[in-house]
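Q: These protein sequence lines map, in sequence, to chains A and B.
Just so you know, the numbering used here puts 143 at position 143 of the first sequence, and the rest follows in order with no gaps.
Just so you know, the numbering used here puts 152 at position 152 of the second sequence, and the rest follows in order with no gaps.
There are 2 protein chains.
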Amino acid sequence: MADVPIMTAAAEKPIEHGGDLEALGHRYPQAPRPWIDLSTGINPVPYPIGILPAEGWSRLPSRAAEEALLAAAARRYRVGSGATIVAAPGTQALIQLLPRLQPRSRVAILGRTYAEHALCWRREGHEVSVVADLAATEGADVVVLVNPDNPTGRLVPADALRAVKAALLVVDEAFVDFLPAQASLAGALPGNAVILRSFGKTYGLAGVRLGFAIAAPTLVQRLRGALGPWAVSGPALEIGRQALADDAWLDAAGRRLSTHSERLDTLLKAAGCRVLGGTILFRLAEHGEASRVADALARHGIHVRRFADRPTLLRFGLPANDEGFARLASALQDL
Amino acid sequence: MADVPIMTAAAEKPIEHGGDLEALGHRYPQAPRPWIDLSTGINPVPYPIGILPAEGWSRLPSRAAEEALLAAAARRYRVGSGATIVAAPGTQALIQLLPRLQPRSRVAILGRTYAEHALCWRREGHEVSVVADLAATEGADVVVLVNPDNPTGRLVPADALRAVKAALLVVDEAFVDFLPAQASLAGALPGNAVILRSFGKTYGLAGVRLGFAIAAPTLVQRLRGALGPWAVSGPALEIGRQALADDAWLDAAGRRLSTHSERLDTLLKAAGCRVLGGTILFRLAEHGEASRVADALARHGIHVRRFADRPTLLRFGLPANDEGFARLASALQDL
Chain A
1 MADVPIMTAA AEKPIEHGGD LEALGHRYPQ APRPWIDLST GINPVPYPIG
51 ILPAEGWSRL PSRAAEEALL AAAARRYRVG SGATIVAAPG TQALIQLLPR
101 LQPRSRVAIL GRTYAEHALC WRREGHEVSV VADLAATEGA DVVVLVNPDN
151 PTGRLVPADA LRAVKAALLV VDEAFVDFLP AQASLAGALP GNAVILRSFG
201 KTYGLAGVRL GFAIAAPTLV QRLRGALGPW AVSGPALEIG RQALADDAWL
251 DAAGRRLSTH SERLDTLLKA AGCRVLGGTI LFRLAEHGEA SRVADALARH
301 GIHVRRFADR PTLLRFGLPA NDEGFARLAS ALQDL
Chain B
1 MADVPIMTAA AEKPIEHGGD LEALGHRYPQ APRPWIDLST GINPVPYPIG
51 ILPAEGWSRL PSRAAEEALL AAAARRYRVG SGATIVAAPG TQALIQLLPR
101 LQPRSRVAIL GRTYAEHALC WRREGHEVSV VADLAATEGA DVVVLVNPDN
151 PTGRLVPADA LRAVKAALLV VDEAFVDFLP AQASLAGALP GNAVILRSFG
201 KTYGLAGVRL GFAIAAPTLV QRLRGALGPW AVSGPALEIG RQALADDAWL
251 DAAGRRLSTH SERLDTLLKA AGCRVLGGTI LFRLAEHGEA SRVADALARH
301 GIHVRRFADR PTLLRFGLPA NDEGFARLAS ALQDL
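1. Hey, which unbroken runs of the alpha helix (DSSP H) at 4 residues or more fall wholly within the region 101-186 of chain A?
2. Following the continuous alpha helix (DSSP H) through Ser291(A), name the residue where it begins and the one where it ends.
3. Bridge partners of Glu286(A), per DSSP?
4. How many angstroms separate the CA atom of Val275(A) from the CA atom of Gly207(A)?
5. For Leu223(B), report the span of its alpha helix (DSSP H) as first-last.
6. For the region 24-42 of chain B, which residues have a CB atom closer than 8 Å to at least one CB atom of chain A, in sequence order?
7. For Thr40(A), which three-state DSSP category applies?
8. Between Leu332(B) and Leu268(B), what straight-line distance do the alpha-carbon atoms span, to the nearest angstrom?
9. Considering only C-alpha positions, which residue in the set Pro229(A), Gly18(A), Phe178(A) and Gly200(A) is nearest to Ala64(A)?
10. If contacts are defined as beta-carbon pairs under 8 Å, then Val131(A) and Gly111(A) qualify, I think. What distance do you get, rounded to the angstrom?
11. Going straight from the alpha carbon of Val144(A) to that of Thr91(B), what length do you get?
12. Does Leu185(B) get closer than 9 Å to chain A when you measure Cβ to Cβ?
13. Residues in the region 80-101 of chain A with C-beta within 8 Å of chain B's C-beta atoms, listed in sequence order?
14. Alpha carbon to alpha carbon, how far is Leu219(B) from Gly82(B)? Give it in angstroms, no decimals.
15. Is the separation between the beta-carbon of Gly41(B) and that of Pro151(B) shorter than 9 Å?
16. Given Arg315(B), which residues of its chain have a CB within under 6 Å of its CB, disregarding the five upstream and five downstream residues?
17. Tell me which residue opens and which closes the beta strand (DSSP E) that Ser198(A) is part of.
18. Determine the direct distance from the alpha carbon of Arg197(A) to that of Ala73(A), and round the result to whole angstroms.
19. For Ser39(A), count neighbouring C-beta atoms within 10 Å of its own C-beta (all shown protein chains included) and say buried if the count is 16 or more, exposed if not.
20. Assuming His300(B) contacts Ala31(B) under a Cβ cut-off of 8 Å, what Cβ separation, rounded to an integer in Å, is found between them?
21. If Leu210(A) and Ala87(A) are in contact, beta carbons under 8 Å, what's the gap, nearest whole angstrom?
22. Give the single residue among His117(B), Val107(B), Ala115(B) and Arg327(B) whose Cα lies nearest to the Cα of Ala167(B).
23. Can you tell me the Cβ-Cβ gap for Gly254(B) and Phe178(B), rounded? I've got them flagged as a contact below 8 Å.
24. Between Leu60(B) and chain A, is any beta-carbon pair separated by less than 9 Å?
25. Check whether the region 41-59 of chain B and the region 154-166 of chain B are in contact - that is, three or more C-beta pairs closer than 8 Å.
26. By DSSP's criteria, Gly211(A) is part of a beta bridge. Which residues make up the other side?
27. What does Asp20(A) reach in chain B if we use C-beta pairs closer than 7 Å?
28. Could you tell me which chain B residues have their CB closer than 9 Å to the CB of Val304(A), listed as they occur along the chain?
29. Within the 9 Å Cβ cut-off, does Pro190(A) reach chain B?
30. If you run the structure through DSSP and keep just helix, strand and coil, what is Ile280(A)?
31. Would you identify the three-state DSSP class for Ile239(B), choosing helix, strand or coil?
32. Hey, how far is the Cα of Val146(A) from the Cα of Leu155(A)?
33. What is the residue span of the beta strand (DSSP E) that His303(B) lies within?
34. Going by beta-carbon coordinates alone, are Pro319(B) and Pro34(B) separated by less than 9 Å?
35. Interface residues of chain B around Gly204(A) at Cβ under 7 Å?
36. Would you verify that the beta carbon of His287(A) is, or is not, closer than 9 Å to some beta carbon of chain B?
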């Protein structure tokens, strides 16, 4: 198996993620506020949260509320026959959990990608290789990919994934929501696969902590047992149920994000960036002096994602509105 | 080690918990609504939730928000030097996690108690004995107790716990909040101990999903790594920080709960129950025909906790207010 060593070496150290503005505020005390956070791939226009029933906070989450959420999620994600679904307090909780349910394995991760996958498999003692393409995963017990990928946007066709022979195939579909339904494995899930679906990114509600795994009933049962009762908060059950049933909101969000990601590409190209890919929730850009660009944007109060080991790349989330686009345009002109 | 087999045999099956009224409603369709749920040990008068900042829902929970919560919790729980604290989405998440961090062990659980402890240690392949007293834990690698106990209220003095020689001592202090500070191990934590503190029970906010582990830094670091980033939701960070800093609310809650638990005892005794113990959040009662009592109460729309393997025992949570007490009194007179 070709091992492309593109992970940072100290994989046991906590990983730096986007989205933590407090830390940034200390580094750029003069930056204008409020910060525009383009460092994550989270929809900048959240699903509107209505009035939440007080019982959602006070009572233990009920089975009926959990089942109502799961029914809405199964419909939304088009979970096919032979598969079932479990809810967790964020897909990160599932990423933490999956490596603990497997015997020591050779794990091939299609990289480069969201670094928590490699960290979590390594932490549990598995032998992890980060490989460059699906062919190089041959022979691995466990294959992990983010599809479409973060940050590149690379999409491995579902049919190619159905041919993967590994004992376990983990497909993190965190960013699949706005692609055509056939991009997801959920509708005709192979028996060896588990799909992760993120609620917070698409619905702009990352603080809610809600995510799902879709897999064969045996694996879902083990995940459910490992998560234990009341894994998801009462308000998350309610918000998730409402949002996942709201097709009109999702359609409108998809149209807006599509327009806005094109608008972002135009701005980035005008500023001398090459847009390498991404999804409609984030764009991956290349620039010879990416670090200087990120620094200049931070001084304008705009936070983008850098990659310590790939100094020419930056990832841009989408501004929420015209004002955000105007601030970004003005900052980019000032490079 | 004396093995007192008081756990139900099929410990791998999910455990029936209190608090799920939907299921009960189907069994007692004629019962008057709303149900009065006395089946849990959750404070029936929740901490008031103010207006929550929208960013708590939309953004990934920030490190600064997590650190502010942990500072409030460390003060509230009087975490002493040499120990530190980690937050989880409910203590149940920690109960699920601890057995995965230990090598295969002989685990002695002081019983009978909250059954999730035994279930979770057994699920991870440990050899679990449920024993009747602390002396019988001698020789175990891991000792687990709920202190004060649920449902008996038995309190093992902190000094006796400091003498426990096991490699790991898990003290679930879910119900210690209203006892004098020295009842908790947190202030002078032995190096082998981990304490679990529940937020939802004391503050009446079980749906929020928030709990803590207090332990030596090495173990806390492992728990933090296993929980991963953003384990606690944004709203939970905010609500917890506010509530844990509010000593006046806690004092008033303690006075009310103390009065109400005495009032409950009086009612139960008048109805022919023997009150065996409990805490100020719940009372354990014995009655020769406990099952008939529970059934009669359910037909009055009042849900209490039964114990499948101890048919003479019932656990009563506290009614929230005078109306609740009046409905309970009237139902008990109608036995």
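From the three backbone atoms N, C-alpha and C, an ideal C-beta is built for every residue, glycine too.
A: On the basis of the data shown:
1. 116-123 and 158-162
2. As a first step, residue 291(A) must be located in the first sequence, where it is residue number 291. Segment Ala290 to Arg299, the alpha helix (DSSP H) holding Ser291(A).
3. Reading the first sequence from its first residue, position 286 is the one you call residue 286(A). Paired residues: Arg274(A) and Leu313(A).
4. In the first sequence, residue 275(A) corresponds to position 275, counting from 1. In the first sequence, residue 207(A) corresponds to position 207, counting from 1. Distance between the alpha carbons of Val275(A) and Gly207(A) is about 29 Å.
5. By one-based count along the second sequence, residue 223(B) stands at place 223. From DSSP, the alpha helix (DSSP H) with Leu223(B) extends over Pro217 to Leu227.
6. Only those residues of the region 24-42 of chain B whose C-beta falls short of 8 Å from the nearest C-beta of chain A are listed: Asp37, Thr40 and Ile42.
7. Indexing the first sequence from 1 puts residue 40(A) at position 40. In the structure shown, Thr40(A) adopts coil according to DSSP, grouped into three states.
8. Locating residue 332(B) in the second sequence gives position 332, where the first residue counts as 1. Locating residue 268(B) in the second sequence gives position 268, where the first residue counts as 1. Distance between the alpha carbons of Leu332(B) and Leu268(B) is about 8 Å.
9. Taking the first residue of the first sequence as 1, we reach residue 64(A) at position 64. Of the residues Pro229(A), Gly18(A), Phe178(A) and Gly200(A), the one whose Cα lies closest to the Cα of Ala64(A) is Pro229(A).
10. Counting from one through the first sequence, the residue named residue 131(A) turns up at place 131. Counting from one through the first sequence, the residue named residue 111(A) turns up at place 111. That pair is a contact at about 7 Å.
11. Here residue 144(A) corresponds to residue number 144 of the first sequence, with the count starting at 1. Here residue 91(B) corresponds to residue number 91 of the second sequence, with the count starting at 1. So the alpha carbons of these two residues sit roughly 30 Å apart.
12. Counted from its first residue, the second sequence places residue 185(B) at position 185. Answer no: the Cβ-Cβ gap between Leu185(B) and chain A never drops below 9 Å.
13. Cβ contacts with chain B come from Pro89, Gly90, Gln92, Ala93, Ile95, Gln96 and Arg100.
14. In the second sequence, the residue the question calls residue 82(B) occupies position 82. In the second sequence, the residue the question calls residue 219(B) occupies position 219. Each residue's alpha carbon lies about 12 Å from the other.
15. The count along the second sequence starts at 1 and reaches residue 41(B) at position 41. The count along the second sequence starts at 1 and reaches residue 151(B) at position 151. Going by C-beta atoms, Gly41(B) is nearer than 9 Å to Pro151(B).
16. Within the second sequence, the letter at position 315 stands for residue 315(B). Only Pro151, Phe282, Leu284 and Arg305 meet the Cβ criterion.
17. For the purposes of this step, residue 198(A) is taken as the residue at position 198 of the first sequence. Where Ser198(A) is concerned, the enclosing beta strand (DSSP E) stretches over Ala193 to Ser198.
18. Counted from its first residue, the first sequence places residue 73(A) at position 73. Counted from its first residue, the first sequence places residue 197(A) at position 197. Cα-Cα distance, rounded: 10 Å.
19. Locating residue 39(A) in the first sequence gives position 39, where the first residue counts as 1. Ser39(A) should be labelled buried.
20. Residue 300(B) sits at position 300 when you count from the first residue of the second sequence. Residue 31(B) sits at position 31 when you count from the first residue of the second sequence. Sure, about 7 Å apart at Cβ, within 8 Å.
21. In the first sequence, the residue the question calls residue 210(A) occupies position 210. In the first sequence, the residue the question calls residue 87(A) occupies position 87. Confirmed, about 7 Å.
22. Taking the first residue of the second sequence as position 1, residue 167(B) is located at position 167. Ranking His117(B), Val107(B), Ala115(B) and Arg327(B) by Cα distance to Ala167(B) puts Val107(B) first.
23. Looking up residue 254(B) in the second sequence gives position 254. Looking up residue 178(B) in the second sequence gives position 178. 5 Å between Cβ atoms; contact.
24. Sequence index remark: in the second sequence, residue 60(B) carries index 60 (1-based). Yes, because at least one Cβ of chain A sits closer than 9 Å to the Cβ of Leu60(B).
25. no
26. Counted from its first residue, the first sequence places residue 211(A) at position 211. BP columns for Gly211(A) point to Ala88(A) and Ser198(A).
27. To locate residue 20(A), count along the first sequence from 1; it is residue 20. Here the neighbours are Ser62 and Arg63.
28. Counted from its first residue, the first sequence places residue 304(A) at position 304. Per Cβ cutoff of 9 Å: no residues; Val304(A) is ~15 Å from chain B at best.
29. For the purposes of this step, residue 190(A) is taken as residue 190 along the first sequence, with counting starting at 1. Judged by the 9 Å Cβ criterion, Pro190(A) is not in contact with chain B.
30. Locating residue 280(A) in the first sequence gives position 280, counting from the first residue. Correct three-state label for Ile280(A): coil.
31. As a working mapping, residue 239(B) is identified with position 239 in the second sequence. Helix, per DSSP.
32. Stepping through the first sequence from its first residue, residue 146(A) is reached at position 146. Stepping through the first sequence from its first residue, residue 155(A) is reached at position 155. For Val146(A) and Leu155(A), the distance between alpha carbons rounds to 9 Å.
33. Residue 303(B) sits at position 303 when you count from the first residue of the second sequence. Looking at the DSSP string, the run of the beta strand (DSSP E) that includes His303(B) is Ile302 to Arg306.
34. Numbered from 1 along the second sequence, position 319 holds the residue referred to as residue 319(B). Numbered from 1 along the second sequence, position 34 holds the residue referred to as residue 34(B). No, Cβ-Cβ distance for Pro319(B) and Pro34(B) is not below 9 Å.
35. Here residue 204(A) is taken as the residue at index 204 of the first sequence, counted from 1. What Gly204(A) touches in chain B: Ser58.
36. Residue mapping note: residue 287(A) aligns to position 287 of the first sequence, counting from 1. Not one chain B Cβ lies under 9 Å of His287(A).
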